[in-house]
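> A single structure is presented below for examination.
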Amino acid sequence: MNILVINAGSSSLKYQLIRMEDETILCKGVCERIGIDGKYSYKTADGYKVEKSADLFTHKDAFDVILHEMVGGEGRVIHSVGEIAAVGHRVTHGGDKFSHSVLIDEATIEAINAMRSISPLHNPPQAATIRACRSVFGEKLPMVAVFDTAFHATMPPKAYTFAIPYKYYEQYGVRRYGFHGTSHRYVSGRIGELMGGQPHRLITCHLGNGSSLAAIRDGRVVDTSMGFTPLDGLMMGTRCGSIDPSIVSYIANLENLHESEMSHLLNGESGLLGVSGVSSDFRDVLEAAENGNKRAQLAADMLEYQIVKLIGSYAAALGGVDAILFTGGIGENAVDLREQVIRDLAYLGVTPDSEANRSRGEEVRISGPDSKVQVWVVPTNEEIMIARDTASFVQ
Ligand code: AMP
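According to the numbering used here, the sequence shown is numbered sequentially starting from 301.
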């Protein structure tokens with residue numbers, strides 16, 4: 301059975317076609333600059349590869365191109381649409397409504413689109429993408445929505461309620477939802493397999509361009525650092541993370557900024573980029589710090605400090621911690637940052653295995669044999685999680 305996995309943004313569309321029997325990626329790629337000038341890549345398991353410019357005016361054009369490559373192109377991997385059993389769509393916000401993946405019907409698309417007020421940048425283009433997909437692949441092909449928020453639906457009210465007038469939760473759904481749920485779910489499941497049983501108290505650290513931590517008890521999320529939107533929690537590539545909310549009106553007043561300008565400042569000009577003035581990319585920041593750039597060093601130190609602080613607070617929330625894991629581009633690769641975090645957690649009885657910690661992008665235990673808490677690196681794989689969820693609906 302083949303499952304097509306779609307991860308759509310407002311101007312991009314990543315895709316993978318996965319054969320579920322052995323979880324082989326038959327082909328994958330990305331359509332970019334949709335609605336601008338358009339280009340796409342297509343790569344197969346056999347090594348066939350294209351990267352081309354194309355007229356991608358809409359997401360429908362992107363699906364046409366993908367379908368053509370998969371079925372009719374030189375590097376085709378299937379003979380017809382009939383060989384695709386279902387499509388799994390990554391959807392950013394499921395709000396209060398979706399705590400699990402769902403089979404998509406018209407009402408689901410409407411509901412995803414209706415969440416535009418709490419997820420204006422992601423949900424409307426994703427709803428439109430689902431419609432475009434249906435128009436290209438046909439009404440009959442089952443489609444499943446997998447929500448970034450769903451895994452966090454087990455949080456208790458004391459963790460998800462903000463201390464603002466309660467009516468804003470009741471009227472507008474203002475609460476902590478959490479994101480990266482599919483990643484946290486994948487790695488927390490995987491560590492259960494690696495450790496030979498689900499750790500009782502687990503902290504998962506997804507550190508990438510966007511970052512979030514989750515506190516997980518017996519496989520269920522009890523708290524997570526992203527909030528109402530993916531802006532909250534840790535500082536990120538360009539996002540500020542948690543700051544004193546008064547700063548927003550203070551700067552907006554001083555600089556006469558409109559709400560959308562303020563939002564751009566906090567989402568697009570802050571975080572590693574804002575503090576270092578160098579880049580949103582952690583590798584660039586580390587390189588600049590090594591070359592003596594003090595603000596780059598400050599940004600790197602802040603990120604490490606915030607991770608340590610948040611792990612401490614989640615250890616408190618869980619009443620202790622049995623395992624901590626790192627994932628995401630930074631979590632999987634930033635060796636020195638991981639080493640420093642482990643050293644700063646010595647008070648929890650954590651010790652490093654510095655040799656093991658040198659590896660990048662591999663499943664590996666990086667805590668010492670005498671460590672009271674196991675620390676692991678587990679590369680994330682959101683696509684396989686989406687594919688498995690989708691397959692479960694058609695099996
Ligand atoms: P992601 O959003 O998960 O793809 O992660 C992207 C982030 O991972 C960027 O900030 C990269 O700089 C960072 N990253 C990737 N490789 C490394 C590395 N070897 N060392 C430090 N950071 C890295």
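Ideal placement from N, C-alpha and C gives every residue a C-beta, glycine not left out.
Since serine 667 sits in a beta bridge, which residues does DSSP pair it with?
Pro652
> My assumption, with CB atoms under 8 Å, is that methionine 301 sits in contact with tyrosine 486. Please give the rounded CB distance.
The Cβ separation is near 20 Å, so there is no contact.
> On the three-state DSSP scale, how would you describe asparagine 423?
helix
> On a CA-only basis, which of Val350, Asp448, Asp622 is nearest asparagine 307? Give me that one, please.
Of the candidates Val350, Asp448, Asp622, the one whose C-alpha sits nearest the C-alpha of asparagine 307 is Asp448.
> Since arginine 665 and aspartate 653 should fall inside the 8 Å C-beta cutoff, what is the C-beta to C-beta distance between them, to a whole number of angstroms?
With a Cβ gap of about 7 Å, arginine 665 and aspartate 653 count as contacting.
> Let's see if you can read the secondary structure: which residues bound the alpha helix (DSSP H) around threonine 454?
That residue, threonine 454, is in no alpha helix (DSSP H); it is neither H nor E in DSSP.
> Assign glutamate 351 to one of three DSSP states: helix, strand, or coil.
Glutamate 351 carries a strand assignment under DSSP once its states are collapsed to helix, strand and coil.
> For phenylalanine 447, write down the residues that DSSP places opposite it in a beta bridge.
Val391
> Quick check on the DSSP output: the alpha helix (DSSP H) that includes phenylalanine 363 runs from which residue to which?
359-367
> For asparagine 633, name the three-state secondary structure that DSSP assigns.
helix
> Span of the alpha helix (DSSP H) holding lysine 672?
Looking at the DSSP string, lysine 672 is not in any alpha helix (DSSP H), and its letter there is neither H nor E.
> If you measure from the CB of arginine 520, is any heavy atom of ligand 1 nearer than 6 Å?
Arginine 520: no, Cβ never under 6 Å from ligand 1.
> Say the cut is 6 Å; is the CB of alanine 600 nearer than that to a heavy atom of ligand 1?
no
> Please report the residue range of the beta strand (DSSP E) in which glutamate 332 lies.
324-332
> Taking buried to mean at least 16 other C-beta atoms within 10 Å of its own C-beta, is phenylalanine 357 buried or exposed?
With fewer than 16 other Cβ atoms from the protein chains shown falling within 10 Å of its own Cβ, phenylalanine 357 counts as exposed.
> Quick one: is leucine 507 buried, meaning 16 or more other Cβ sit within 10 Å of its Cβ, or exposed?
buried
> Starting from glutamine 316, follow its DSSP beta bridges and name the residues at the other end.
Val305, Lys328
> If we call anything under 7 Å between Cβ atoms a contact, is glycine 478 one with threonine 524?
yes
> So, using beta-carbon positions, are histidine 500 and alanine 445 closer together than 7 Å?
no
> Grab the span of the alpha helix (DSSP H) containing lysine 609 for me, first residue to last.
Annotation: the continuous alpha helix (DSSP H) that includes lysine 609 extends over 594-618.
> Taking the alpha-carbon positions, what's the valine 578 to leucine 603 distance?
15 Å
> Could you tell me whether the Cβ of glycine 668 comes closer than 7 Å to any Cβ of chain D?
Note that chain D does not occur in the displayed structure, where there is just one protein chain.
> Whole angstroms are fine: how far does the CA of cysteine 327 sit from the CA of glycine 375?
Taking the straight line from one Cα to the other gives about 9 Å.
> Does the Cβ of glycine 629 lie closer than 6 Å to at least one heavy atom of ligand 1?
yes
> Nearest by alpha-carbon distance to glycine 394: which of Gln695, Phe528, Ser310, Val575 is it?
Phe528
> Looking at the structure shown, is isoleucine 697 part of a helix, part of a strand, or coil, going by DSSP?
In the structure displayed, the chain extends from 301 to 695; residue 697 sits before or after that span and is not available.
> Short of 6 Å in beta carbon distance, which residues of its chain neighbour lysine 314, apart from the five on each side in sequence? Order them along the chain.
Asn307, Val330
> Tell whether a beta-carbon distance below 7 Å holds between histidine 484 and threonine 504.
yes
> Can you give me the C-alpha to C-alpha distance between asparagine 556 and aspartate 396, rounded to a whole angstrom?
Counting only the Cα atoms, aspartate 396 lies some 35 Å from asparagine 556.
> Note the first and the last residue of the continuous beta strand (DSSP E) segment covering histidine 506.
501-507
> To the nearest angstrom, how far is it from the Cα of histidine 368 to the Cα of valine 436?
11 Å
> Cα separation between glycine 568 and histidine 379?
43 Å
> Are the CB atoms of valine 694 and proline 442 within a distance shorter than 7 Å?
yes
> Identify the residues that DSSP records as bridge partners of isoleucine 624: which are they?
Ile503, Val675
> Which residue comes first and which comes last in the alpha helix (DSSP H) that contains threonine 408?
406-414
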